[in-house]
Amino acid sequence: MNKKNILIVFLVLLVLIEIFLIKPHHPEFFWQKIKGFPVLLGLAGGILLMIFAKSLGRFFLYRSEDYYTKAGEDNSK
Amino acid sequence: MIIHPSIPLFIVGLLALVLPAKRQRALQLAGPLFVLAMLIQIPFDHEGIIQSVKFFGYTSILIRFDSLSRLFVYTFLIFGFFAHLYSLHNEDRKIRFASNFYIASSVGAALAGDMITLFIFWEIMAVTSAILIFNKNRPGSAGALFRYLLFHLTGGLLFFSGLMLKLVSHDALQVKSIALDTSGWLMLIGFCINAGVVPLHAWLPDAYPEGTPSGSVYMSAYTTKVAVYVLARCFAGQEILIWLGAISAVYGVIFALMENDMRKLLSYHIICQVGYILCGFGLGSELGINAGAGHAVGNILFKGLLFMATGAIIYQTGRYKLSELGGFAAKSKIILIFYMIGAFAISGVPLLNGYVTKAMLFDAAGQAHLGWLELTLTLVAAGTFLSIPLKLAYFAFWAKPEQPYEIHAPLPVNMIMGMAGLSSLCLLIGVYPQFLYEFLPYHAHSHIFGLEHLIHTLELLAGTWLGFLIILPKLHIKAVLTLDVDWIYRKGSRLFIEGLCRPAGRIHETIQNALTGLLQKCSQTISSLPKQQIPAVSRPINMIMGAGFILALIILILQLKS
């Protein structure tokens, strides 16, 4: 069994524990009423953050490593 | 009357200049412990002990030892001890001198009860920390040092201007809650520069990765935390801190995901964690301030540990970038273990200190009915887990290296001891949070450690991990540089001069020449004076004139608008 499957089993167990064993105390916001919401936040949020950061880099912010130190424009001194 | 606690450390620092490294070692370690023992001796009450000195009619509060400053000073000293232990093999006179002065001035700043005393220690900190950036192995460090100093002296100037305004208007100069008037804003901006708050943060990821392995460990702890402490003193409960904190947290976590240089990635996480701390202080409730202060302590411990572990990798391999590393787990298990303790602590894994303080912070946000804040900070926690224990660890310890590399130097025992010390503190607070609660400014109790919170944390972390595994095949670390706000003064200012001032100067020149021509014509027609040759304006002056011209235009437009 690879790591991914172990994690999925672990997650299912966690959500089951949450559904059957835990009484939520006074949820205030709608996402606090959804069982297993943190899984969704971690999974989707993490992937989206990664994609967002990488595309921000690729389309706007990545430069070659000598960007600030190119010949004739030595800013390191 | 007691000796000021910073004095022994200043003396050790001065001795570093004259004594050889071998003889000074014992003193180096004894310094922080001695001061700690000295402070523990003082009978403590929660009102705080004040020691003041009068000169020229001004009362200077040199020591204010209350529950908030006690927490920070103790942490500074304990961390100072372990950082000294970590860098004990270091023979570099500069670092041994500057590190002691840096710790001493941080302790002095945290104890200072009035603005002028604070300002003096603040400036000593700026100068001595700059010395720690210099690293002969990195050619860019001198430039980073220069930019660091520029930033911090500017911050100091803003602080000083605020102070002067207060002095002129006969306001109290104690370090206490400040209203956001003109002087308040000046001070807030000055403090935010030191705290590395977005968008005034660019000096931090610029300078911190440049230092030597030991130098950067010291840097990671003091400057930002002293600033955060002062912000807590002066602006706790101000809503703006919540906004600045939330923006910094999100910004730091996104930029860390793009980063290739290990210590630069960690630097972005300092910004991110400072964001967390500011959110706590901005909430201003007892729980919020406890959470902020506790997280500041936690951050000093685990961020120092992470800088130590990555510093150890750099010490052994001479490589800084993830794209040049990989497979380090096979080379050194001990660094892997310490790194992972720090990494799990910062991500809020249960049984480590990050879990304790993050739980308090989320609870404080919930208590203030700020759902968006709780949600944002939870997402940032997922991002932290993604970039430090997953991304950085994967590419440094397990990924297949592109080019094989060798270990140059064995790991000194003192480095291992330093890391072991901080790891055990992270574990101690995680397992037995009462140890931290004792020292928090307000009464704390651990009702937050219910099963629900535990399950939610595990769900979040495991979910993030699964996401990382899904996206991993597509993930490659590229050897690139990421632009940040520092572009504005490293590149943009040049473009501003080349692209805007020069053409504007040319327009100015043309208009001026046309006018002089016109005048000459007039004078020719009116009188019979001989024609005078007026020289064309020379180039550099031209540019300055251009800048002035733009400024005049802006002022004109603003005037017309208002």
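Residue numbers (the working numbering), protein chains in the order written: chain A, 67 to 143; chain B, 748 to 1309. Positions of the beta carbon are idealized from the N, C-alpha and C atoms, including for glycine.
- Message: On the DSSP letters alone, give me the boundaries of the beta strand (DSSP E) that Ser807 (chain B) sits inside.
- Response: Sequence index remark: in the second sequence, residue 807 (chain B) carries index 60 (1-based). That run of the beta strand (DSSP E) goes 805 to 812.
- Task: Please list the residues of the region 1192 to 1218 of chain B that have a C-beta atom closer than 9 Å to any C-beta atom in chain A, keeping them in chain order.
- Result: Gly1197, Leu1198, Glu1199, Ile1202, His1203, Thr1204, Leu1205, Glu1206, Leu1207, Leu1208, Ala1209, Gly1210, Thr1211, Trp1212, Leu1213, Gly1214, Phe1215, Leu1216, Ile1217, Ile1218
- Message: Could you give the first and the last residue of the continuous beta strand (DSSP E) run that contains Ile796 (chain B)?
- Response: Counting from one through the second sequence, the residue named residue 796 (chain B) turns up at place 49. Looking at the DSSP string, the run of the beta strand (DSSP E) that includes Ile796 (chain B) is 796 to 802.
- Message: Can you confirm whether Lys99 (chain A), when its beta carbon is compared against all beta carbons of chain B, has any partner nearer than 9 Å?
- Response: Sequence index remark: in the first sequence, residue 99 (chain A) carries index 33 (1-based). Not an interface residue.
- Message: I'd like to know whether the C-beta atoms of Ile1135 (chain B) and Ala926 (chain B) end up nearer to each other than 9 Å.
- Response: Locating residue 1135 (chain B) in the second sequence gives position 388, counting from the first residue. Locating residue 926 (chain B) in the second sequence gives position 179, counting from the first residue. Contact: no.
- Message: Considering just the uninterrupted stretch of the alpha helix (DSSP H) at Pro779 (chain B), what are its terminal residues?
- Response: Against the second sequence, residue 779 (chain B) aligns to sequence position 32. Pro779 (chain B) -> alpha helix (DSSP H) spans 768 to 788.
- Classify Gln1020 (chain B) as helix, strand or coil using the three-state DSSP reduction. In the second sequence, counting from the first residue as 1, residue 1020 (chain B) sits at position 273. Three-state DSSP puts Gln1020 (chain B) in a helix.
- Query: Just curious, the alpha helix (DSSP H) that Pro960 (chain B) is in, first and last residue?
  - Reply: Residue 960 (chain B) sits at position 213 when you count from the first residue of the second sequence. Element bounds for Pro960 (chain B): 960 to 982.
- So, is the C-beta of Phe76 (chain A) closer than 9 Å to a C-beta in chain B? For the purposes of this step, residue 76 (chain A) is taken as the residue at position 10 of the first sequence. Yes, because at least one Cβ of chain B sits closer than 9 Å to the Cβ of Phe76 (chain A).
- Item | Ser852 (chain B) and Met966 (chain B) closer than 9 Å at C-beta | For the purposes of this step, residue 852 (chain B) is taken as residue 105 along the second sequence, with counting starting at 1. For the purposes of this step, residue 966 (chain B) is taken as residue 219 along the second sequence, with counting starting at 1. Contact: no.
- What are the start and end residues of each continuous beta strand (DSSP E) run of 3 or more residues lying completely inside the region 896 to 947 of chain B, in chain order? none
- Using the DSSP secondary-structure output, state which residues sit across from Lys1068 (chain B) in a beta bridge. Residue numbering aside, residue 1068 (chain B) sits at position 321 when the second sequence is read from its first letter. For Lys1068 (chain B), which the question treats as bridged, DSSP gives the partners B:Asp1008.
- Message: Looking only at its chain, what residues have a beta carbon closer than 8 Å to the beta carbon of Ile863 (chain B), apart from the 5 residues adjacent to it on each side?
- Response: One-based indexing of the second sequence puts residue 863 (chain B) at position 116. Answer for Ile863 (chain B): Tyr805, Ser807, Leu910, Leu920, listed in chain order.
- Less than 8 Å between the CB of Asn71 (chain A) and some heavy atom of the ligand MN, yes or no? Annotation note on the ligand MN: not contained in the displayed structure, which lists no ligands.
- Would you say Phe125 (chain A) reaches chain B, if we count a Cβ-Cβ gap shorter than 9 Å as a contact? Reading the first sequence from its first residue, position 59 is the one you call residue 125 (chain A). No - not a single Cβ of chain B is within 9 Å of the one on Phe125 (chain A).
- Task: Give the interface partners of Thr1229 (chain B) over in chain A, defined as CB-CB distance under 7 Å, in chain order.
- Result: On the second sequence, residue 1229 (chain B) is found 482 positions in, with the first residue counted as 1. The answer, in chain order, is Gly123, Leu127, Tyr128.
- Assuming Pro1247 (chain B) and Ile1297 (chain B) form a contact by the criterion Cβ under 8 Å, report the distance between their Cβ atoms to the nearest whole angstrom. For the purposes of this step, residue 1247 (chain B) is taken as the residue at position 500 of the second sequence. For the purposes of this step, residue 1297 (chain B) is taken as the residue at position 550 of the second sequence. For clarity, residue 1247 (chain B) is Leu in the given sequence; the question names Pro instead. Confirmed, about 7 Å.
- Query: Among B:Leu1133, B:Leu1048, B:Leu1158, B:Tyr1141, which one has its Cα closest to the Cα of Ile1081 (chain B)?
  - Reply: Sequence index remark: in the second sequence, residue 1081 (chain B) carries index 334 (1-based). Looking at the Cα atoms, B:Leu1158 is the closest of the given residues.
- Neighbour list for Leu1122 (chain B) in chain A, Cβ cutoff strictly below 9 Å: Taking the first residue of the second sequence as 1, we reach residue 1122 (chain B) at position 375. By Cβ distance, chain A contributes Phe95, Trp97, Leu107.
- State the Cα-Cα distance for the pair Tyr128 (chain A) and Gly111 (chain A), rounded to the nearest angstrom. For this step, residue 128 (chain A) is matched to residue 62 along the first sequence. For this step, residue 111 (chain A) is matched to residue 45 along the first sequence. Each residue's alpha carbon lies about 23 Å from the other.
- Query: Taking the alpha helix (DSSP H) that Gly1168 (chain B) falls in, what are its first and last residues?
  - Reply: The sequence position of residue 1168 (chain B) within the second sequence is 421, counting from 1. Its alpha helix (DSSP H) spans residues 1160 to 1178.
- Task: Kindly say whether Lys118 (chain A), judged by its beta-carbon, lies nearer than 9 Å to any beta-carbon of chain B.
- Result: For the purposes of this step, residue 118 (chain A) is identified with residue 52 of the first sequence, where counting begins at 1. Checking the sequence shown, residue 118 (chain A) turns out to be Phe, not Lys. Interface residue, yes.
- Query: Is Ala1115 (chain B) close to chain A, meaning its C-beta is less than 9 Å from at least one C-beta of that chain?
  - Reply: Your numbering for residue 1115 (chain B) matches position 368 in the second sequence. Not an interface residue.
- Message: For Ala954 (chain B), which residues in the same chain have their Cβ closer than 6 Å to its Cβ, ignoring the five residues on either side in sequence?
- Response: Translated into the one-based positions of the second sequence, residue 954 (chain B) becomes position 207. Excluding sequence neighbours, Ala954 (chain B) sits near Ile880, Ala891, Tyr895.
- Query: Between B:Leu764, B:Val800, B:Leu766, B:Thr822, which lies nearest to Ile787 (chain B) when the distance is taken from Cα to Cα?
  - Reply: Here residue 787 (chain B) is taken as the residue at index 40 of the second sequence, counted from 1. Among B:Leu764, B:Val800, B:Leu766, B:Thr822, the Cα nearest to that of Ile787 (chain B) is on B:Thr822.
- Task: Would you verify that the beta carbon of Ala1129 (chain B) is, or is not, closer than 9 Å to some beta carbon of chain A?
- Result: As a working note, residue 1129 (chain B) is residue 382 in the second sequence. Closer than 9 Å to some Cβ of chain A, the Cβ of Ala1129 (chain B) qualifies, so yes.
- Would you mind telling me which residues of chain B sit closer than 9 Å to Lys136 (chain A), beta carbon to beta carbon, in chain order? Your numbering for residue 136 (chain A) matches position 70 in the first sequence. Neighbours of Lys136 (chain A) on chain B: none; closest Cβ ~10 Å, over 9 Å.
- Boundaries of the alpha helix (DSSP H) in which Arg840 (chain B) is found, first to last residue: Sequence index remark: in the second sequence, residue 840 (chain B) carries index 93 (1-based). Start and end: 840 to 858.
- Cβ of Val944 (chain B) within 9 Å of Cβ of Cys1019 (chain B)? The sequence position of residue 944 (chain B) within the second sequence is 197, counting from 1. The sequence position of residue 1019 (chain B) within the second sequence is 272, counting from 1. Not closer than 9 Å, so no.
- Item | Those residues which DSSP pairs with Leu1228 (chain B) across a bridge | Counted from its first residue, the second sequence places residue 1228 (chain B) at position 481. For Leu1228 (chain B), which the question treats as bridged, DSSP gives the partners A:Arg129.
- Assign Ser963 (chain B) to one of two classes, buried (16 or more other C-beta atoms within 10 Å of its C-beta) or exposed (fewer than that). By one-based count along the second sequence, residue 963 (chain B) stands at place 216. Buried, since its Cβ has 16 or more Cβ neighbours within 10 Å.
- Message: Within 8 Å, do at least three Cβ pairs link the region 1253 to 1267 of chain B to the region 1216 to 1232 of chain B?
- Response: no
- Pull up the distance between the alpha-carbon of Gln1114 (chain B) and that of Phe1049 (chain B), whole angstroms please. On the second sequence, residue 1114 (chain B) is found 367 positions in, with the first residue counted as 1. On the second sequence, residue 1049 (chain B) is found 302 positions in, with the first residue counted as 1. Answer to the nearest angstrom: the Cα atoms are 27 Å apart.
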